[in-house]
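Asker: Chains as they are written, first to last, in the working numbering: chain A, 1 to 305; chain B, 1 to 305.
So that we are looking at the same thing, I have put the structure below in structure tokens.
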């Protein structure tokens, strides 16, 4: 498989989109018809809940495929339903890959070297539908290396947590080390890691990117300058409060270097304005498609060339 | 369910043991008879591999139950086999709980608040066989709080990563912040978090503990002094190089406050000295039991009263 960064650049140019749709299903927000059809009304058992979630995800994937470059299923919302939920997670990844979307598995794993190697094998093996993985860097180089090696060997990508989108992120990530905040020290590491053999594509971008929350544009500006050849995966758009006008600093001058994730504001667009009024639950798939299209258009001014 | 720390103290006193056995199965190290019996010779499919792993784990649990207070299945080694591996993980946890062992799910999850809440629901719900979870603190208070709340509500425990056992742990965890290394700043947070309502047991210990690798006793001494009422979960014994004589600083004067994990050196005792020579693969369960018993006895001098 070719270099992940190159595949991402190709998808961005082809679709004129930097949209990632987060697949964070919540059973209580699924359309009630769909829930009932899969025996997942009320407090559903794990098997029924997982069936309903997979059916929902497939429709969402179909709806957003013209507008998004990638989907980002968040593992936690599947692990709630145990192994049956994980089965739905796997089937979701496979379905999205079949539909030509890149798949970013949002698992935020991180561990000691032997265990990190097991995680890399779990998600980045040659036959996995997963294109990229989110990784927690707290363990340092030896805990991150198995992911980097797997990415180089199989044409996959890794997004390292550098500055997360939650309010308390500053408590640890902004602590001052050697005269700079920790997140910049981690960005320095990501830069070095991303220059490793087999990781930089013909596009000049590295397959090792960074997570930089949309809710912290000031910090993103510094991260951007330390990581000119990394893609930033930017969560926090929409429901977490960031809007398109906040995001200019995340992109490079070439219009590349960032992909922006929205979860709830797209996949549950029929439960909130304006999707609720315009489409309602009966036409929920149209509401999802419209939200993805609007987000794509809002971010298009940053795309150049 | 009663307070996790109290249940841990009770198990330690009853068994006169501070041993935790890490269930990190590796298919290629499983006894070949057992592999063949479950159709998992060679490059096994996920379903067969998962069956063999579960069968192995059950025998290991039976062998170590008299000597260990807890088992610690490491999620990565199950996630390799996808949802079928996760099914084996769940069945392993349930079997260990049935055999009277505490179950520490080593998942090292950590995420933004909504997602952390989903993880807490996945592992710490009232009917889960999991007694405690490992958590990565990089997100700060709001990402950790859902785990603390679930622990308080359901009598479960959380072990926060403070200083991990891998050589590169120092690259981030030892960075100096406000005149002290990051791991001590995190230990300060763990102390405050552990004093929350419903978390301190009648034993005086908190259900919020800390991971402190056995390979860093100097650092553990400092962590111990900051966290007098927390249990330290101490990985790195055995295969990672630490021995019983290194571990005095991890325990409190009352002989409590630490549980020590060994994985490979116990569960694969039949593949290494002295278990290989004394028992060999034919009598592998005896080798496992003997390794757990030896470890228990090596650590007993630290137990007081």
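Using N, Cα and C, we set each Cβ at its ideal position, and we do this for glycine too.
The model shown is predicted, which means the values in this text are computed figures rather than measured ones.
Helix or strand or just coil, what does DSSP make of residue 78 of chain B?
Answerer: On the second chain, residue 78 of chain B is found 78 positions in, with the first residue counted as 1. Helix.
Asker: At 9 Å on the CB atoms, spell out the chain A contacts of residue 142 of chain B, in chain order.
Answerer: Within the second chain, residue 142 of chain B is the residue found at index 142, counting from 1. The contact set of residue 142 of chain B on chain A, defined by CB atoms closer than 9 Å, consists of 166, 167, 168, 169, 171 in chain order.
Asker: Give a yes or no on whether 9 Å exceeds the smallest Cβ distance from residue 24 of chain A to chain B.
Answerer: Position 24 of the first chain, counted from the start, is the residue given in the question as residue 24 of chain A. Yes, its Cβ sits closer than 9 Å to a Cβ of chain B.
Asker: Which residues in chain B have a C-beta closer than 9 Å to the C-beta of residue 261 of chain A? List them in chain order.
Answerer: Locating residue 261 of chain A in the first chain gives position 261, where the first residue counts as 1. Residues of chain B passing the Cβ test: none, with the nearest at roughly 12 Å.
Asker: When DSSP builds the beta bridges, which residues end up paired with residue 180 of chain A?
Answerer: Position 180 of the first chain, counting from 1, holds the residue named residue 180 of chain A. Looking at the DSSP assignment, residue 180 of chain A forms a beta bridge with A:177.
Asker: Could you name each continuous beta strand (DSSP E) segment of 3 residues or more that falls completely within the region 103–175 of chain B, going from the start of the chain to the end?
Answerer: 132–135, 157–163
Asker: Under 9 Å between C-beta atoms, does residue 84 of chain A make it to chain B?
Answerer: Numbered from 1 along the first chain, position 84 holds the residue referred to as residue 84 of chain A. The C-beta of residue 84 of chain A comes closer than 9 Å to at least one C-beta of chain B.
Asker: Any beta carbon of chain B sitting closer than 9 Å to that of residue 189 of chain A?
Answerer: To locate residue 189 of chain A, count along the first chain from 1; it is residue 189. It does: the Cβ of residue 189 of chain A has a partner Cβ on chain B nearer than 9 Å.
Asker: Going along chain B, which residues have a C-beta under 7 Å from residue 90 of chain A?
Answerer: In the first chain, counting from the first residue as 1, residue 90 of chain A sits at position 90. Per Cβ cutoff of 7 Å: 82, 83.
Asker: For the region 116–142 of chain B, which residues have a CB atom closer than 7 Å to at least one CB atom of chain A, in sequence order?
Answerer: 118, 119, 121, 122, 136, 137, 138, 139, 140, 141, 142
Asker: Taking only three categories from DSSP, how would you classify residue 216 of chain B?
Answerer: The residue you call residue 216 of chain B lines up with position 216 of the second chain. DSSP places residue 216 of chain B in coil when its eight states are reduced to three.
Asker: Near residue 81 of chain B, what residues of its chain come up, given a Cβ to Cβ distance below 6 Å and the 5 sequence neighbours on each side ignored?
Answerer: Translated into the one-based positions of the second chain, residue 81 of chain B becomes position 81. Counting only Cβ-Cβ distances below 6 Å, and skipping sequence neighbours, we find 46, 49, 50.
Asker: Looking at residue 134 of chain B: is its Cβ nearer than 9 Å to the Cβ of residue 108 of chain B?
Answerer: Position 134 of the second chain, counted from the first residue, corresponds to residue 134 of chain B. Position 108 of the second chain, counted from the first residue, corresponds to residue 108 of chain B. Yes, the pair counts as a contact, with Cβ atoms nearer than the cut-off.
Asker: Consult DSSP for residue 73 of chain B and reduce its assignment to one of helix, strand or coil.
Answerer: Looking up residue 73 of chain B in the second chain gives position 73. DSSP places residue 73 of chain B in strand when its eight states are reduced to three.
Asker: Under 9 Å between beta-carbons, which chain A residues line up against residue 304 of chain B? List them in chain order, please.
Answerer: Position 304 of the second chain holds residue 304 of chain B. Per Cβ cutoff of 9 Å: no residues; residue 304 of chain B is ~31 Å from chain A at best.
Asker: With C-beta atoms as the reference, is residue 99 of chain B less than 9 Å away from residue 62 of chain B?
Answerer: For the purposes of this step, residue 99 of chain B is taken as the residue at position 99 of the second chain. For the purposes of this step, residue 62 of chain B is taken as the residue at position 62 of the second chain. Contact: yes.
Asker: Secondary structure at residue 36 of chain A, three-state DSSP: helix, strand or coil?
Answerer: For the purposes of this step, residue 36 of chain A is taken as the residue at position 36 of the first chain. Reduced to three states, the DSSP call for residue 36 of chain A is helix.
Asker: Please tell me whether residue 111 of chain A has its Cβ less than 9 Å away from any Cβ of chain B.
Answerer: Translated into the one-based positions of the first chain, residue 111 of chain A becomes position 111. Under the Cβ distance rule, residue 111 of chain A counts among the residues neighbouring chain B, one pair being separated by less than 9 Å.
Asker: Residue 149 of chain B versus chain A: which residues are under 9 Å apart at the beta carbon?
Answerer: Translated into positions along the second chain, residue 149 of chain B becomes position 149. Per Cβ cutoff of 9 Å: no residues; residue 149 of chain B is ~14 Å from chain A at best.
Asker: Using CA atoms only, rank isn't needed, just tell me which of A:296, A:268, A:297, A:122 is closest to residue 283 of chain A.
Answerer: Taking the first residue of the first chain as 1, we reach residue 283 of chain A at position 283. Measuring from the Cα of residue 283 of chain A, the nearest candidate turns out to be A:268.
Asker: Just by C-beta distance, which residues in the region 54–82 of chain B are closer than 9 Å to chain A?
Answerer: 74, 75, 76, 77, 78, 79, 80, 81, 82
Asker: What are the partner residues of residue 233 of chain A, as DSSP defines its beta bridges?
Answerer: Position 233 of the first chain, counting from 1, holds the residue named residue 233 of chain A. According to DSSP, which records beta bridges pairwise, residue 233 of chain A is partnered with A:211, A:259.
Asker: Beta-carbon separation of residue 157 of chain A and residue 111 of chain A under 9 Å?
Answerer: Your numbering for residue 157 of chain A matches position 157 in the first chain. Your numbering for residue 111 of chain A matches position 111 in the first chain. No, they are not a contact pair.
Asker: Quick one: Cα of residue 118 of chain B to Cα of residue 278 of chain B, how far?
Answerer: As a working mapping, residue 118 of chain B is identified with position 118 in the second chain. As a working mapping, residue 278 of chain B is identified with position 278 in the second chain. When rounded, the distance between both Cα atoms is 47 Å.
Asker: Find out if the Cβ-Cβ distance for the pair residue 194 of chain B, residue 207 of chain B is shorter than 9 Å.
Answerer: Here residue 194 of chain B refers to the residue found at position 194 when the second chain is read from its first residue. Here residue 207 of chain B refers to the residue found at position 207 when the second chain is read from its first residue. In contact: residue 194 of chain B and residue 207 of chain B (Cβ atoms closer than 9 Å).
Asker: Would you grab the beta carbon distance between residue 265 of chain B and residue 239 of chain B for me? Rounded to a whole angstrom, and I think it's under 8 Å.
Answerer: For the purposes of this step, residue 265 of chain B is taken as the residue at position 265 of the second chain. For the purposes of this step, residue 239 of chain B is taken as the residue at position 239 of the second chain. Contact flag correct, Cβ pair sits at about 5 Å.
Asker: Can you pull out the residues from the region 230–247 of chain A whose beta carbon lies closer than 7 Å to at least one beta carbon of chain B?
Answerer: For the region 230–247 of chain A, which is checked against every Cβ of chain B, not one residue is closer than 7 Å.
Asker: Check each candidate in A:289, A:296, A:298 and name the one with the smallest Cα separation from residue 59 of chain A.
Answerer: On the first chain, residue 59 of chain A is found 59 positions in, with the first residue counted as 1. Taking only the C-alpha atoms, the option nearest residue 59 of chain A is A:289.
Asker: In this structure, how does DSSP classify residue 239 of chain B when only helix, strand and coil are distinguished?
Answerer: Indexing the second chain from 1 puts residue 239 of chain B at position 239. It is coil, neither helix nor strand.
Asker: Please classify residue 22 of chain B: does DSSP put it in a helix, a strand, or coil?
Answerer: To locate residue 22 of chain B, count along the second chain from 1; it is residue 22. In the structure shown, residue 22 of chain B sits in a strand (DSSP, three-state: E or B).
Asker: So what does DSSP say about residue 225 of chain A, is it helix, strand or coil?
Answerer: Translated into positions along the first chain, residue 225 of chain A becomes position 225. In this structure, residue 225 of chain A counts as helix in the three-state DSSP scheme.
Asker: If you count every other CB in all the chains shown that lies within 10 Å of the CB of residue 178 of chain B, and 16 or more means buried, which is it?
Answerer: Counting from 1 along the second chain, the entry for residue 178 of chain B is found at position 178. In this structure residue 178 of chain B is exposed. Its beta-carbon is surrounded by fewer than 16 other beta-carbon atoms within 10 angstroms.
Asker: CA-CA distance, residue 224 of chain A and residue 245 of chain A?
Answerer: In the first chain, the residue the question calls residue 224 of chain A occupies position 224. In the first chain, the residue the question calls residue 245 of chain A occupies position 245. The alpha-carbon atoms of residue 224 of chain A and residue 245 of chain A are separated by roughly 17 Å.
Asker: If you check the beta carbons only, do residue 53 of chain A and residue 78 of chain A fall under 9 Å apart?
Answerer: Position 53 of the first chain, counted from the first residue, corresponds to residue 53 of chain A. Position 78 of the first chain, counted from the first residue, corresponds to residue 78 of chain A. In contact: residue 53 of chain A and residue 78 of chain A (Cβ atoms closer than 9 Å).
Asker: Verify the CB distance criterion: does residue 114 of chain A have a CB-CB separation below 9 Å to chain B?
Answerer: Locating residue 114 of chain A in the first chain gives position 114, where the first residue counts as 1. Residue 114 of chain A counts as touching chain B.
Asker: Contact criterion: CB-CB distance below 9 Å. Does residue 175 of chain B meet it with respect to chain A?
Answerer: Taking the first residue of the second chain as position 1, residue 175 of chain B is located at position 175. Yes, residue 175 of chain B lies at the interface with chain A (some Cβ there is under 9 Å from its Cβ).
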